[in-house]
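Sequence positions in the sequence shown follow full-length UniProt numbering and run 1 to 349.
Using N, Cα and C, we set each Cβ at its ideal position, and we do this for glycine too.
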Amino acid sequence: MNVLPVAAGDPAPRFVQRCTTRWGHYSFDMAAGRYSILFFFPSTLDPCAARALSVMRARAAQQADGAVVFFGVSADSADETRIPVVTGGESIRFFRDADRRVHDLYGIGVGQCFWVVVDPMLRVCLSMPDAPGVAARVLDHVMRLPPVQDGPVPALMLPAVLEPAFCHVLMDYYHTHESRPSAVLTRGADGKPVNIIDSGFKSRRDCLLRDGDLVRQLQARIIRRVVPEITRVFQCTVTRMDRMVLGRYDAAEGGCFGPHRDNTVPGAAHRLFAISITLNDDYGGGELSFPEFSSRGLRPPAGGAVVFSCALLHAVRPVTQGVRYACLPFAFNEASMAAAREASAPLTG
């Protein structure tokens with residue numbers, strides 16, 4: 001637990017807590033890419049909290065663009081019945097923090113009403129106790145903040161990882177073998193990994209590359225053309241690859257993948273780098289974006305790759321025309337495997 005509340009410049013503590021989402025929980029990791037306003041309070045029955053929440057709700061209802069996300073953090077177990085689950089279009093999400101997990105992480109004392117503003121990179125940019133008039137001042141301050149930065153993205157763009165003929169071989173393989181809707185790997189209520197289908201969040205069909213000769217050819221190209229660049233730029237040696245998957249994002253099916261990270265769930269924690277190789281370029285939309293860093297999208301040419309840390313929040317924007325094909329392996333090493341096994345031991349033991 002923090003002795004003092006978080007302050008401007010601190011990394012915002014990340015957590016998963018019970019919440020008023022339809023899933024029953026929320027990972028604060030997913031709030032990146034936008035400004036977040038967190039209001040900590042002891043109970044909705046507290047007069048100061050009720051006043052501040054009224055101001056917060058009114059302002060949240062005006063924010064239709066999603067550039068700011070609002071969170072209430074209640075320490076009262078009785079608020080479970082006072083604050084219902086919201087199934088969609090919510091302007092404020094409420095964390096059910098009766099165990100004070102989030103309060104303690106942020107250093108918020110018992111009985112306090114407190115404001116914390118977090119920037120798109122999940123860094124604290126303002127923190128202050130509540131008082132008459134503070135709610136309006138905090139919200140006005142956030143509305144004056146600059147938009148999400150449009151800076152450099154810490155990712156590699158590598159052309160010519162796969163030659164055109166080999167791209168066509170992989171696309172032909174996709175068309176002649178079984179494909180299935182791609183699931184979202186997420187965390188279940190028990191904390192263990194679970195695959196779910198949510199076409200509004202992720203619309204893609206996957207074909208597992210099972211041909212041993214093709215797998216070896218693909219791995220040879222990645223080892224020769226991508227792995228040395230990972231070592232040089234990120235100063236990390238990767239020695240293994242997994243999940244040789246060919247993916248298809250179809251405009252007719254709303255092909256997309258919402259903001260996510262690739263290594264936050266047990267079963268995926270060993271992943272170090274994602275290697276997104278584009279196989280064709282005759283499509284519209286479908287750019288890879290990194291909302292923590294920039295509003296710009298990245299689109300490598302056919303045969304080119306975007307290589308990035310699995311810890312980065314990223315998304316695939318909707319394909320607006322045609323079909324985008326991609327090869328989507330992950331790279332890791334023995335050390336990351338060992339660390340993932342150690343971290344998952346309490347869940348499996």
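query	result
Alpha-carbon spacing of ARG296 relative to HIS260, whole angstroms	17 Å
Distance, ASP242 Cα to ALA340 Cα	15 Å
Straight-line Cα distance separating PRO300 from PHE41	47 Å
Nearest neighbour of PRO152, chosen from MET337, ALA315, SER294 and LEU298 [CA to CA]	SER294
For THR278, the residue or residues it bridges with in DSSP	ALA326
Minimum C-alpha distance to ALA8 - residue among CYS113, ASP119 and ALA31	ASP119
At least three beta-carbon pairs within less than 8 Å, the segment 132-141 to the segment 16-25	no
Same chain, Cβ closer than 6 Å to PRO129, neighbours up to 5 away in sequence not counted	PHE114
For SER27 and PRO13, the rounded distance between their alpha carbons	11 Å
MET157 (DSSP reduced to helix, strand or coil)	strand
8 Å Cβ shell around VAL184 - same chain, five flanking residues per side excluded	ASN195, ILE196, ILE197, ASP198, PHE201, LYS202 and HIS260
For ARG93, the residue or residues it bridges with in DSSP	PHE71
Selection from PHE332, VAL68, PRO146 and SER336 that minimises the alpha carbon distance to MET30	VAL68
Three-pair Cβ contact test at 8 Å for the segment 212-225 versus the segment 260-271	no
Any 3 or more C-beta pairs closer than 8 Å across the segment 49-67 and the segment 270-286	no
Of the listed residues PRO84, ALA78, PRO132 and GLY72, nearest to HIS103 (C-alpha basis)	GLY72
MET121 versus TYR174 - alpha carbon distance	37 Å
Nearest neighbour of TYR325, chosen from GLY285, LEU313 and ALA335 [CA to CA]	GLY285
Segments assigned alpha helix (DSSP H), at least 4 residues, entirely inside the segment 23-83	47-60 and 79-82
Contact under 8 Å by Cβ, GLY66 with PRO291	no
Alpha helix (DSSP H) segment containing ALA251, residue limits	Looking at the DSSP string, ALA251 is not in any alpha helix (DSSP H), and its letter there is neither H nor E.
Own chain residues within Cβ distance below 8 Å of ALA136, not counting five before or after	VAL55
Residues bridged to GLN17 [DSSP beta-bridge criterion]	TYR26
Contact set for GLU163: own chain, Cβ-Cβ below 7 Å, skip 5 residues either direction	GLY303
C-beta atoms of VAL169 and TYR249 nearer than 8 Å	no
Straight-line gap, ILE275 to ALA58 (C-alpha atoms, nearest Å)	43 Å
Beta-carbon separation (whole angstroms), ASP10 vs VAL134, contact threshold 8 Å	Between VAL134 and ASP10 the Cβ distance is about 20 Å, and since that is not below 8 Å, they are no contact.
Beta carbon of GLY254 nearer than 8 Å to that of PRO181	no
Contacts around LEU214, its chain only, beta-carbon distance under 8 Å, and the 5 residues preceding and following it disregarded	VAL169, LEU170 and TYR173
Cβ-Cβ distance between LEU158 and VAL307 below 8 Å	yes
8 Å CB neighbourhood of MET337 in its chain, flanking five on each side removed	ARG240 and HIS270
PHE234 in three-state terms, based on DSSP	helix
Burial state of SER77, where buried means 16 or more other Cβ atoms lie within 10 Å	exposed
Selected residue, minimal CA-CA separation from VAL238, among PHE332, ALA155 and SER179	PHE332
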